[in-house]
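116 is the number that the working numbering gives to position 135 of the sequence shown; each next residue is one higher, with no gaps.
Report on the following structure.
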Amino acid sequence: MNRSSLSENGLPVLIIHPHQTDDEMFELVRCVTIGMDAMDRQGKDYPPPFLSLHGFNHDPRQLWHIPKAVETMKRACDVGFLTILHPCAMMHAMQTQTPFSWFGGFELWLCANDLMITDNNELGIDWRNALRFIDEVIPSEERRFRKRLANYYRRRSGGGAS
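Listed below in structure tokens is the structure:
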């Protein structure tokens, strides 16, 4: 049940649910990676997607205060979503003067690592975490995801995983 859609302003949004398995989420990341790589090879611009976590509309709390949502976001980080998402939904919202209701890679990582700051239910961040995300997390996640992707293809072709 992997899904994607376009937001009301035409931006790609990937939709995940808490009941999805890690393999299902990884498959979504893999397919988006293939699509983005193909578009890049053709010289076409493809805006990186945002992430929407569904299944919690009944809960009035912010997603980063819901344990099952945080657990789902941790799993999304573990399977490689940080490597494909728009880097920062908050920054996009500031640049375009539009509200945001999805996650970019930075927001996903903040929530998954319990680093989201809220004041009167307003979203906030410590910018030192932004620097850490750019300098350490993104390069590390990219290497880890590429290794997992190589193992996936090795297993499919009959070879063992490394």
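Think of the CB as a built atom: it goes at the ideal place given N, C-alpha and C, for glycine as much as any other residue.
Only a predicted model underlies this, so the values are computations on that prediction, with no experimental measurement involved.
Span separating the alpha-carbon of residue i from that of residue j
{"i": "Met97", "j": "Met71", "result": "12 Å"}
{"i": "His0", "j": "Ile65", "result": "21 Å"}
{"i": "Gly61", "j": "Glu122", "result": "7 Å"}
{"i": "Glu117", "j": "Thr2", "result": "27 Å"}
{"i": "Phe37", "j": "Leu89", "result": "16 Å"}
{"i": "Ala111", "j": "Phe87", "result": "7 Å"}
{"i": "Val(-6)", "j": "Leu32", "result": "5 Å"}
{"i": "Thr145", "j": "His67", "result": "Outside the modelled stretch of the chain, which goes from -18 to 143, sits residue 145, for which no answer is possible."}
{"i": "Trp83", "j": "Tyr134", "result": "31 Å"}
{"i": "Arg109", "j": "Trp45", "result": "19 Å"}
{"i": "Met(-18)", "j": "Glu5", "result": "Legend: pLDDT at Met(-18) = 43, less than 50; position of this residue unreliable, value from coordinates given subsequently. The straight-line gap from Cα to Cα measures roughly 8 Å."}
{"i": "Leu34", "j": "Ala50", "result": "8 Å"}
{"i": "Ile43", "j": "Gly85", "result": "Inspection of the sequence shows that residue 43 is occupied by Gln rather than by Ile. Using only the alpha carbons, I get a separation of about 16 Å."}
{"i": "Ile15", "j": "Ile(-4)", "result": "18 Å"}
{"i": "Gln78", "j": "Pro41", "result": "26 Å"}
{"i": "Ser138", "j": "His73", "result": "40 Å"}
{"i": "Ile119", "j": "Arg127", "result": "12 Å"}
{"i": "Arg136", "j": "Asp18", "result": "21 Å"}
{"i": "Ala131", "j": "Asp107", "result": "35 Å"}
Beta strand (DSSP E) segment containing residue i, residue limits
{"i": "Pro(-7)", "result": "Pro(-7) to Ile(-3)"}
{"i": "Leu32", "result": "Phe31 to Leu34"}
For residue i, the nearest candidate out of the options (CA to CA)
{"i": "Asp26", "options": "Gly36, Asn94 and Leu(-8)", "result": "Leu(-8)"}
{"i": "Val13", "options": "Arg124, Gln23, Asp4 and Pro29", "result": "Pro29"}
{"i": "Asn94", "options": "Asp59, Thr79, Arg11 and Gly139", "result": "Asp59"}
{"i": "Arg56", "options": "Ala131, Arg136 and Leu9", "result": "Leu9"}
{"i": "Met48", "options": "Met20, Cys92, Gly24 and Gln78", "result": "Met is not the amino acid found at residue 48; the sequence shown has Pro there. When each option's Cα is compared against that of Pro48, the closest is Cys92."}
Distance cut-off 7 Å: residue i Cβ against heavy atoms of the ligand FMN
{"i": "Thr79", "result": "Among the components of this structure there are no ligands whatsoever, and the ligand FMN is therefore not found."}
First and last residue of the uninterrupted alpha helix (DSSP H) at residue i
{"i": "Lys49", "result": "Pro48 to Val60"}
{"i": "Met6", "result": "Asp3 to Arg22"}
{"i": "Thr79", "result": "Per DSSP, Thr79 belongs to no alpha helix (DSSP H) and is neither H nor E."}
{"i": "Arg42", "result": "Premise fails: Arg42 is in no alpha helix (DSSP H) and is neither H nor E."}
{"i": "Leu112", "result": "Trp108 to Arg113"}
Beta bridge counterpart(s) of residue i as assigned by DSSP
{"i": "Phe84", "result": "Leu32"}
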